[in-house]
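Asker:
In my numbering, the protein residues as written are 63 to 362.
See the structure below:
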């Protein structure tokens with residue numbers, strides 16, 4: 063998402079999606095192998111490279127709220143401030159600061175229970191599943207005050223309880239930075255283990271911020287995706303049928319229009335953005351025979 067006069071920054075967009083059962087984050091997240099819901103979320107701002115994340119939480123309907131609170135918490139009296147909190151510790155931290163806790167059962171919908179039962183039955187028969195949904199919601203924004211990126215996810219269907227994905231890893235699920243006259247925000251979705259190994263968002267952001275004047279952002283993204291992600295030796299233990307990723311990159315150079323770049327190697331990638339005061343939505347589709355698709359949109 064890009065910010066415009068009618069849309070809120072990245073955090074508010076993510077919070078809205080967490081309340082919608084259609085998305086794999088917050089309410090309606092994918093169940094774990096044991097049938098419980100464990101959510102994670104991360105927030106980053108270019109202001110002091112603030113970052114906060116929560117993971118493996120079962121009682122936070124809006125985990126992104128707590129992730130942002132962690133990023134801005136200053137009540138540690140000289141102690142080292144945590145960047146990520148997980149499980150019961152994260153929920154206790156949230157409750158002490160006034161965030162509501164919900165019944166874990168309230169995070170589960172009839173639809174996700176039905177899908178979970180089918181997935182468990184298929185796994186019992188086949189011993190492995192080829193088709194796992196790896197949905198993560200994400201949003202990016204650039205304002206005069208700060209650059210923001212936010213991600214939230216229920217994780218992979220049938221994930222091992224306690225598993226942490228890329229939302230909780232600094233530099234993996236999101237990045238937000240303002241360097242000189244260039245600003246960038248990145249948010250990605252895909253196999254969390256692979257994205258974490260690549261330190262995907264930060265590594266891609268650095269490439270784009272340091273690109274030469276004659277290098278197109280789309281060319282940099284394609285090269286990074288093919289060489290530093292798909293072709294990386296760090297991915298030797300990740301099955302090839304799990305090497306999927308997609309994301310949003312928002313760029314702005316001082317005095318120029320915002321550029322929103324969509325990239326993915328998944329069959330489809332849904333997104334929305336602003337152009338002027340109008341909200342546009344799209345469903346990007348990977349052409350047959352292509353290893354990655356990169357599309358660009360501008361917004362003043």
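Beta carbons are placed, not taken as given, at the ideal position from N, Cα and C, and that holds for glycine.
Terminal residues of the continuous alpha helix (DSSP H) containing residue 76?
Answerer: Sequence index remark: in the chain shown, residue 76 carries index 14 (1-based). From DSSP, the alpha helix (DSSP H) with residue 76 extends over 72 to 80.
Asker: Do you know how far the Cα of residue 319 is from the Cα of residue 151?
Answerer: Taking the chain shown and counting its residues from 1, one reaches residue 151 at position 89. Taking the chain shown and counting its residues from 1, one reaches residue 319 at position 257. Cα to Cα, residue 151 sits roughly 42 Å from residue 319.
Asker: By how many angstroms is the C-alpha of residue 126 removed from the C-alpha of residue 147?
Answerer: Locating residue 147 in the chain shown gives position 85, where the first residue counts as 1. Locating residue 126 in the chain shown gives position 64, where the first residue counts as 1. Going by the C-alpha atoms only, they are around 12 Å apart.
Asker: Taking only the alpha-carbon atoms, compute the straight-line gap between residue 361 and residue 133 and give it to the nearest angstrom.
Answerer: Counting from 1 along the chain shown, the entry for residue 361 is found at position 299. Counting from 1 along the chain shown, the entry for residue 133 is found at position 71. Straight-line Cα distance between these residues: approximately 28 Å.
Asker: Starting from residue 253 and walking both ways along the beta strand (DSSP E), at which residues does that stretch end?
Answerer: As a first step, residue 253 is located in the chain shown; it is residue number 191 there, counting from the start. Neither: residue 253 is in no beta strand (DSSP E) and is coded neither H nor E.
Asker: To which residues of the same chain is residue 202 closer than 6 Å at the C-beta, ignoring the five residues directly before and after it?
Answerer: Numbered from 1 along the chain shown, position 140 holds the residue referred to as residue 202. These residues qualify, in order along the chain: 72, 211, 247, 249, 310 and 312.
Asker: Please report the straight-line C-alpha distance between residue 183 and residue 289, rounded to a whole angstrom.
Answerer: Residue mapping note: residue 183 aligns to position 121 of the chain shown, counting from 1. Residue mapping note: residue 289 aligns to position 227 of the chain shown, counting from 1. Rounded to the nearest angstrom, the two C-alpha atoms are 37 Å apart.
Asker: For residue 333, which residues from the same chain have a beta carbon less than 6 Å from its beta carbon, with the 5 sequence-adjacent residues on both sides left out?
Answerer: As a working mapping, residue 333 is identified with position 271 in the chain shown. Closer than 6 Å at the Cβ level, and outside the excluded window around residue 333, lie 324 and 344.
Asker: Pick from 304, 221, 240 and 228: whose alpha carbon is nearest that of residue 208?
Answerer: In the chain shown, residue 208 corresponds to position 146, counting from 1. Measuring from the Cα of residue 208, the nearest candidate turns out to be 240.
Asker: Tell me the DSSP secondary structure of residue 326 in three-state form.
Answerer: What you label residue 326 is simply residue 264 of the chain shown in a count that begins at 1. The answer is strand: DSSP assigns residue 326 an E or B state.
Asker: Grab me the residues of residue 94's own chain with a C-beta within less than 8 Å of its C-beta, minus the 5 sequence neighbours each way, in chain order.
Answerer: As a first step, residue 94 must be located in the chain shown, where it is residue number 32. The residues are 100, 217, 220, 221, 222, 223 and 225.
Asker: Decide if the segment 81 to 94 is in contact with the segment 170 to 186; the criterion is three or more beta carbon pairs, one per stretch, under 8 Å apart.
Answerer: yes
Asker: With a CB to CB cut of under 7 Å and the five nearest residues on each side skipped, what residues in its chain are close to residue 128?
Answerer: The sequence position of residue 128 within the chain shown is 66, counting from 1. Closer than 7 Å at Cβ, skipping near neighbours: 116, 122, 152, 156 and 161.
Asker: What residue range is occupied by the uninterrupted beta strand (DSSP E) comprising residue 129?
Answerer: Along the chain shown, one-based indexing puts residue 129 at 67. Here residue 129 belongs to no beta strand (DSSP E); instead the alpha helix (DSSP H) covers 125 to 134.
Asker: Can you tell me which of the three DSSP states residue 139 falls into?
Answerer: In the chain shown, the residue the question calls residue 139 occupies position 77. In this structure, residue 139 counts as coil in the three-state DSSP scheme.
Asker: Between 107, 264, 96 and 303, which has its C-alpha nearest residue 175's C-alpha?
Answerer: Taking the chain shown and counting its residues from 1, the one referred to as residue 175 is at position 113. Selection 107, 264, 96 and 303 evaluated against residue 175 yields 96 as nearest (Cα-Cα).
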